[in-house]
Amino acid sequence: MGFRFTAERIALDLGIVGWVRNLPDGRVEILCESRKDKIEEFMKRVGQSLTPYIHKVHCSWEEARGEFDDFRIEFCV
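The numbering of the sequence shown is numbering that gives the first Met the number 0, which starts it at 0 and goes up by one.
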């Protein structure tokens, strides 16, 4: 389905940094940093693009740490 690649494309388009990865149980985890309005737009676009594959969303907000320079797909958990 390309969930990670779609999320990466949207994040890069919005200038968001962080990562996306598959979890062993089949879920997908995303950690990202940007302004709140950009993160909200990212979530909206991912939701619109991948609606059939999203069954539940859990979101938590923290202060950005500035630890990322880009957005990437992580292949290992």
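Every residue gets a Cβ at the ideal spot worked out from N, C-alpha and C, and that includes glycine. This structure is a prediction, so every number in the text was calculated from the model and none was measured.
With DSSP as the reference, label residue i as helix, strand or coil.
| i | result |
| --- | --- |
| E73 | strand |
| F67 | coil |
Between the Cα of residue i and those of the options, spot the shortest distance and give me the residue it belongs to.
| i | options | result |
| --- | --- | --- |
| K37 | A10, V19, A63 | A10 |
| D69 | G1, R8, R26 | R8 |
| K55 | T5, S33, G1, V45 | V45 |
| S33 | G17, A6, N21, T5 | G17 |
| K35 | I53, D24, L22, A63 | A63 |
Contiguous alpha helix (DSSP H) assignments of at least 4 residues, all confined to the segment 15 to 65: 35 to 49
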